[in-house]
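Undergrad: Note that the protein sequences, when read in sequence, are chains X and F. Sequential numbering of the first sequence, starting at 1, is according to UniProt numbering. Sequential numbering of the second sequence, starting at 1, is according to UniProt numbering. Next up is a structure, given as C-alpha cells.
Protein chains: 2
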Amino acid sequence: MKLRNNAIRLSSVQLIVLFYFSAVFISTVLLSLPFAHRPGVEWHFIDALFTAVSAISVTGLTVVSTVDTFSVPGVFILAFVLQFGGIGIMTLGTFIWLVMGKKIGLKERQLISTDQNRGTLSGLVQLMKQILSLILLFELVGTVILGLYFHNYFPTWGEAFYQGFFASVSATTNAGFDITGESLIPFAQDYFVQTINIILLILGAIGFPVLIEIKDFMFSFKSASHYRFSLFTKLTTFTFFALIVIGALLILLLEKNHFFAGKSWHESFFYALFQSVTTRNGGLATMDINEFTVATQLVISVLMFIGASPSSVGGGIRTTTFAISLLTIFFFAKGHSNVKIFKRELDQDDIRKSFVVVFTAVLLTGSAIVFLSAVEPFPVMAIIFEVCSAFGTTGLSLGITPELSTVGKVTIIFMMFIGRIGIISFLFLLRGKVEGDHYHYPKERVIIG
Amino acid sequence: MKLRNNAIRLSSVQLIVLFYFSAVFISTVLLSLPFAHRPGVEWHFIDALFTAVSAISVTGLTVVSTVDTFSVPGVFILAFVLQFGGIGIMTLGTFIWLVMGKKIGLKERQLISTDQNRGTLSGLVQLMKQILSLILLFELVGTVILGLYFHNYFPTWGEAFYQGFFASVSATTNAGFDITGESLIPFAQDYFVQTINIILLILGAIGFPVLIEIKDFMFSFKSASHYRFSLFTKLTTFTFFALIVIGALLILLLEKNHFFAGKSWHESFFYALFQSVTTRNGGLATMDINEFTVATQLVISVLMFIGASPSSVGGGIRTTTFAISLLTIFFFAKGHSNVKIFKRELDQDDIRKSFVVVFTAVLLTGSAIVFLSAVEPFPVMAIIFEVCSAFGTTGLSLGITPELSTVGKVTIIFMMFIGRIGIISFLFLLRGKVEGDHYHYPKERVIIG
Ligand SMILES: [K+]
Ligand SMILES: [K+]
Chain X
1 MKLRNNAIRL SSVQLIVLFY FSAVFISTVL LSLPFAHRPG VEWHFIDALF TAVSAISVTG
61 LTVVSTVDTF SVPGVFILAF VLQFGGIGIM TLGTFIWLVM GKKIGLKERQ LISTDQNRGT
121 LSGLVQLMKQ ILSLILLFEL VGTVILGLYF HNYFPTWGEA FYQGFFASVS ATTNAGFDIT
181 GESLIPFAQD YFVQTINIIL LILGAIGFPV LIEIKDFMFS FKSASHYRFS LFTKLTTFTF
241 FALIVIGALL ILLLEKNHFF AGKSWHESFF YALFQSVTTR NGGLATMDIN EFTVATQLVI
301 SVLMFIGASP SSVGGGIRTT TFAISLLTIF FFAKGHSNVK IFKRELDQDD IRKSFVVVFT
361 AVLLTGSAIV FLSAVEPFPV MAIIFEVCSA FGTTGLSLGI TPELSTVGKV TIIFMMFIGR
421 IGIISFLFLL RGKVEGDHYH YPKERVIIG
Chain F
1 MKLRNNAIRL SSVQLIVLFY FSAVFISTVL LSLPFAHRPG VEWHFIDALF TAVSAISVTG
61 LTVVSTVDTF SVPGVFILAF VLQFGGIGIM TLGTFIWLVM GKKIGLKERQ LISTDQNRGT
121 LSGLVQLMKQ ILSLILLFEL VGTVILGLYF HNYFPTWGEA FYQGFFASVS ATTNAGFDIT
181 GESLIPFAQD YFVQTINIIL LILGAIGFPV LIEIKDFMFS FKSASHYRFS LFTKLTTFTF
241 FALIVIGALL ILLLEKNHFF AGKSWHESFF YALFQSVTTR NGGLATMDIN EFTVATQLVI
301 SVLMFIGASP SSVGGGIRTT TFAISLLTIF FFAKGHSNVK IFKRELDQDD IRKSFVVVFT
361 AVLLTGSAIV FLSAVEPFPV MAIIFEVCSA FGTTGLSLGI TPELSTVGKV TIIFMMFIGR
421 IGIISFLFLL RGKVEGDHYH YPKERVIIG
C-alpha cells in the first residue's frame, strides 16, 4: 500500500465519523422533541438512538412503527433527517473519491468541476450543492408524480401529496422508512407506483460519480460517441444491474412453487423485480419477506450483504468490491494475476483492498450473527437476515428488530454504522498512528489451501 | 502469478483427482461386497457412493449407521478404506508440497530425503513409505493403548482390541467414523480415552510437513538450539492450537448457562476441549451437538469451515489460509501492505492465493447452503452445519445427513470432494488450457468498499 495519501485519507475518515456522530446526536434530539410524537407514545432513549442511526445511515430498520409513533411534524423531521443522512453520505463519499483523485486518476477528478486549489472546504460545499440539487430534483419529480397519482388512494390532495412526498424522499434516499405502516404492500398490485419507486431507488443507489458521468455524457453533444465512461462507472453499473437481474431470476426460480404458486406472470415478475431492486439498498417491500422460503431469504441476505455502489447512499461491501473479487478468482483460475476488464487492468492495490473488505465483512457479520444468536431467542435465519440488512443499510426485516433486547439493538446499530461508513473507513478508524513500513524480513513461502 | 510451475502443478492436480476418483470407485465396489454387510441390510448405490466418498475423504458424515450396516469383515474393509484415503491424501498433499519446492524454498524440500532427480514416481513411493510408517506407528500405539484399556468396557480381549483398532484408525486418520453407534459418547466421562483420541486426532490433522520438521528437530541432537522451523510450520502450528484454545473458550462461554449448567468444571472442560479439537478435522464427538445452543453450533460451523493444516488429512480453507487472511487485514489496518510474522515476510502471491481461497470457499459453501435450503425441508442451522462439516471434511453432524434426498446427498458429496482436494486444486481443475498473459491494458483505479 502506498502511504502517500494517508494524511488526507485519515482526515477524510475522521470527517465521516464526525459527520455521522454529530448527525446522530442532532437527530436523536430532534426525533425526541415532544411535538414529534403522537399522543401517548412511550419513547425510550435506545429507540431514539436506534431510529436516529437508522435514519442517518438511511437503513430503514425500525424498532417502533413510524406511522404510529410520529406526528405529522415528526414525520417531516424524519424526512429531513433522511435527506440530511442521504445527501451527507453521498457528499462525503464522493468528496473522498475526489480527494483520493490523485490515486484514481486525473480524468475522474476533472469530471466534477471542483477546483482542488480552492481548498477542500469550498470544494465540499460546491459538491454538496451539486448533489443536493440533483437529489432534490429527483425528489421533486417523484413527489409530483406520486402526489398526483396518490389521489387515487387517498381522500384529499393534502394527504396524497403528504404520502407522495414521504414516499419520494424515502425512495430517492433509499431510506426504507414508510408512513403507510406496511411499506409498499398497499401498492403490491400497482405496477405504476412500483415502477416510479424502482427508478427513484436506482437513482439513489447507483452512485453519484455514475450520475455525474451520465450527465456529462448526455450533455457532451458534439462528442457523445467518443465519450469514455470511467472503469469505475462501467464496473459498478454493470454489477449493479447484473445483481438486480440475477436476484430477480433467483427469486422467481425459488418461489415458483411457493409464493408465486397461482400468481400471474406479471404479478410474479413485479414481486421478484421489486424485491430484487430493493436489496441493493432500498429496503422498501411490496410483501412480507416472511412469506418467502428460507432459500429466498438467504439469497436476499447475500444480496443485501453485497449492497450498493460506492459513493451512493447504500452500504454493504459494495458492488465494485464484489465484482473485483469475482473477477480475481476467475482470472486466478485462468492462471493470470492481472485482472482485465473493459479493456483496462485493475490495480493490485484495489484487488487486495477488495479482499480485505470481503474478509473483514464476513468476519464482522459472522461475529454479529453468532453474538445475536447467543443473546437473542430468535431463529438463526431471522438473525442472519437482520444483520445483513443492517450491514447493507438495506432495512428489509423479518420482523425481529423491534423485539431485540437493548444489547441486540446496539449490535444492529453497530452494524449499520460499519455498513454505512464502509469497511475500508472502519479499518482506517482502528488505525492508530501510522508507523513507517521501511524495514524488511526475508520472504518465505507457505502452503495455502 | 508466476506461471513457471503451471505444468507441474496441473499434473499434480490431475494426480489428486485421478487418485480420488479411482479410490472412490474401488471403495464403492469394496463396500458393496455382499459379505461386508450385516444380514438384511438394504444397500442403495447413492449410499454406497456417499460412504465411499466420506471414507476416502476421511470426512465421516454417514447416511447409514456404520455399526448396523457393516459386518465385521465390512468394518475391516472400511478401516482399510480410511487408511487408504487418509494416507493417500497426506502423501499427495505433501508430494505437491515437495514438487512445488522450488517455489517454497530449497530448505523445506531438503527436509525430506526425497531425491527429485530420481524422478517423481520413485519420490512419491518413498514419501508414501515414510508417511505410511509414521501413520501405522501412531495407529499401532493407539490400538495397543486403547485395546488394553477397552478391556474395562468390553467383555473379551477380542472385542476390546477390535474396538481399539477401529477407534485408533478412525482417530489417527481423522476419519470420524465409529462402530459404537454413537461416536465417543460412551466415553463422555472417560478422560483417558478422550486424551488418547485428542493426541491421535492432532497427530493426523497437524500436517505431515510439521511432523517431519518436529522429527528432524528431535533428532538434530548437536544443534537442536539452532534448528529453525519453517515459517509454514510455525504459522500452521500456532494457528492450529490457537483455534483449539479459542474454540474451547467460546464453547465454555456460550454453554456456561446451558449445556454446562450443573456440570463440574472438569466435565465442562473436557466437553469443550474435545469438541473444539474435533472441529479441526476429527469429527468424533463425546456428545450430541444438537444439545449445544445455536450460537455454539454456528461457532463450530465456522471452525469446521476453517479446517486443518495443509498437507494433512483435514479439509476446509486450511489454517494457513485463515491466518494469512487475518494477518493481512491486521497489517492493512496498520497501513502496511507487507505482512511480517515470525521475522519473515509473506509473499504477495500467497496473500492473493489466501483471499482467493477464502472468497471461493464462502461462495461455494454459501451456494450449497442456499441450494440445500431450497431442496430440503430441514432448518437452515442444520444445513449450514452439515455443509461446513462436509467442506471441512470434519464429519460432525446435526443428524440430517441420513435424511437428505439424493440430490442433497450429491451436494454433500460434492462439498466433501472440494473440501478434500482444496480450493486451489479445485480452481486449477476448472482451468482449461493456460493461455499466456502477455498483453496488457492501461491500469485504472476504482473505488472499493
Ligand atoms: K435502506
Ligand atoms: K473427519
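In this text, a Cβ means the ideal position worked out from N, Cα and C, and glycines have one as well. Bear in mind that the values here come from a model prediction, so they are computed numbers and not experimental data.
Buried or exposed for S405(X), going by 16 or more other Cβ atoms inside 10 Å?
TA: That one is exposed.
Undergrad: Am I right that residue 472(F) and V63(F) are in contact with their C-beta atoms under 8 Å? What's the rounded C-beta distance?
TA: Missing from the structure shown is residue 472(F); chain F here goes from 1 to 449 and no further.
Undergrad: Would DSSP call K353(F) helix, strand or coil?
TA: DSSP places K353(F) in helix when its eight states are reduced to three.
Undergrad: Nearest to V141(X) by CA position, among Y162(X), L200(X), I300(X), Q348(X), is which residue?
TA: Of Y162(X), L200(X), I300(X), Q348(X), the residue nearest in Cα terms is L200(X).
Undergrad: Taking buried to mean at least 16 other C-beta atoms within 10 Å of its own C-beta, is G317(X) buried or exposed?
TA: First, the amino acid is wrong: residue 317(X) is Ile here, not Gly. Per the 10 Å Cβ criterion, buried.
Undergrad: I'd like to confirm something about A52(X): is its beta-carbon nearer than 8 Å to some heavy atom of ligand 1, or not?
TA: Flag unset: Cβ of A52(X) not near ligand 1.
Undergrad: Suppose the cutoff is 8 Å on Cβ atoms and the five residues either side in sequence are ignored; what does the same chain contact list for L82(X) look like?
TA: Around L82(X): A55, V58, V169, S170, T173, A175, F177.
Undergrad: Among D350(X), V313(X), A308(X), which residue has its Cα nearest to the Cα of S325(X)?
TA: The candidate whose alpha carbon is nearest that of S325(X) is D350(X).
Undergrad: Listed in chain order, which residues of the region 366-392 of chain F have Cβ atoms closer than 9 Å to some Cβ of chain X?
TA: Listed by position along the chain: G366, I369, V370, F371, L372, S373, A374, V375, P379, V380, M381, I383, I384.
Undergrad: What are the residues that DSSP puts in a beta bridge with residue 534(F)?
TA: Residue 534(F) falls outside the range modelled here, since chain F spans only 1 to 449, and no answer is possible.
Undergrad: Identify each residue in the region 328-346 of chain X for which the Cβ-Cβ distance to at least one residue of chain F is less than 9 Å, and report them in chain order.
TA: Correct list: T328, I329, F331, F332, A333, K334, G335, H336, S337, N338, K340, I341, F342, K343, R344, E345, L346.
Undergrad: Could you check the C-alpha separation between Q189(X) and I400(F) for me, to the nearest Å?
TA: So the two alpha carbons sit approximately 40 Å from each other.
Undergrad: Hey, would you say the C-beta of A175(F) is under 8 Å away from at least one heavy atom of ligand 2?
TA: A175(F): yes, Cβ under 8 Å from ligand 2.
Undergrad: Would you kindly report the start and end of the unbroken alpha helix (DSSP H) that includes D288(F)?
TA: Careful: D288(F) lies outside any alpha helix (DSSP H) and carries neither H nor E.
Undergrad: On the three-state DSSP scale, how would you describe H151(X)?
TA: Helix.
Undergrad: Out of F270(X), T91(X), T69(X), point me to the one whose CA is closest to Q194(X)'s CA.
TA: If we check each option's Cα against that of Q194(X), F270(X) comes out closest.
Undergrad: Ligand 1 heavy atoms versus the CB of V58(X): any closer than 8 Å?
TA: Yes, Cβ of V58(X) sits closer than 8 Å to a heavy atom of ligand 1.
Undergrad: Please indicate yes or no: does the CB of T394(F) lie closer than 8 Å to some heavy atom of ligand 2?
TA: T394(F): yes, Cβ under 8 Å from ligand 2.
Undergrad: Leaving out five residues on either side along the sequence, give the residues of the same chain with a beta carbon under 8 Å from the beta carbon of V294(F).
TA: Taken in chain order, the residues that qualify are M381.
Undergrad: Mapping DSSP to helix, strand and coil, what is M70(X)?
TA: For the sequence presented, residue 70(X) should be read as Phe rather than Met. Strand, per DSSP.
Undergrad: May I have the straight-line CA-CA distance separating S301(F) from S389(F), to the nearest angstrom?
TA: Roughly 7 Å between the two C-alpha positions.
Undergrad: Return no unless some Cβ of chain X is closer than 9 Å to the Cβ of Q116(F).
TA: Note on Q116(F): pLDDT 37, under 50, position unreliable in the model; the coordinate value appears next. No, no contact with chain X.
Undergrad: For the alpha helix (DSSP H) holding N197(X), just list the boundary residues, first then last.
TA: Residues 191-205.
Undergrad: Can you have a look at R38(F) and say buried or exposed, based on whether 16 or more other CB atoms are within 10 angstroms of its CB?
TA: Its Cβ having fewer than 16 others within 10 Å, R38(F) is exposed.
Undergrad: Use the C-beta contact count for S230(F): other C-beta atoms within 10 angstroms, 16 or more gives buried, fewer gives exposed.
TA: Buried is the call here.
Undergrad: DSSP three-state label for F426(X), please.
TA: Three-state DSSP puts F426(X) in a helix.
Undergrad: Can you check DSSP and say which residues form a bridge with Q341(X)?
TA: It should be pointed out that residue 341(X) corresponds to Ile in this sequence rather than to Gln. Looking at the DSSP assignment, I341(X) forms a beta bridge with R344(X).
Undergrad: Show which residues of chain F have a CB atom less than 9 Å away from the CB atom of R352(X).
TA: In chain order: T328, F332, S337, Q348, I351, R352, F355.
Undergrad: Could you check the C-alpha separation between S311(F) and L127(F) for me, to the nearest Å?
TA: S311(F) and L127(F): Cα-Cα distance of roughly 13 Å.
Undergrad: For H266(F), which residues from the same chain have a beta carbon less than 8 Å from its beta carbon, with the 5 sequence-adjacent residues on both sides left out?
TA: Excluding sequence neighbours, H266(F) sits near Y191.
Undergrad: Please say whether L398(X) and I289(X) have beta carbons closer to each other than 9 Å?
TA: It is a contact, given that the beta carbons lie within the stated cut-off.
Undergrad: For the candidate residues Q297(F), Y227(F), A205(F), whose alpha-carbon lies nearest to that of E213(F)?
TA: Among Q297(F), Y227(F), A205(F), the Cα nearest to that of E213(F) is on Y227(F).
Undergrad: Kindly examine ligand 1 and report whether one of its heavy atoms sits closer than 8 Å to the Cβ of N281(X).
TA: N281(X): yes, Cβ under 8 Å from ligand 1.
Undergrad: List the whole-angstrom C-beta distance separating I423(X) from V357(X), where the pair is believed to meet the contact cut-off of C-beta under 8 Å.
TA: Right, the Cβ-Cβ distance comes to about 4 Å (below 8 Å), so this counts as a contact.
Undergrad: From the DSSP output, in three-state form, read off H266(X) for me.
TA: Residue state, collapsed to three classes: helix.
Undergrad: So A175(X) is in the alpha helix (DSSP H); what residue range does that whole segment cover?
TA: Neither: A175(X) is in no alpha helix (DSSP H) and is coded neither H nor E.
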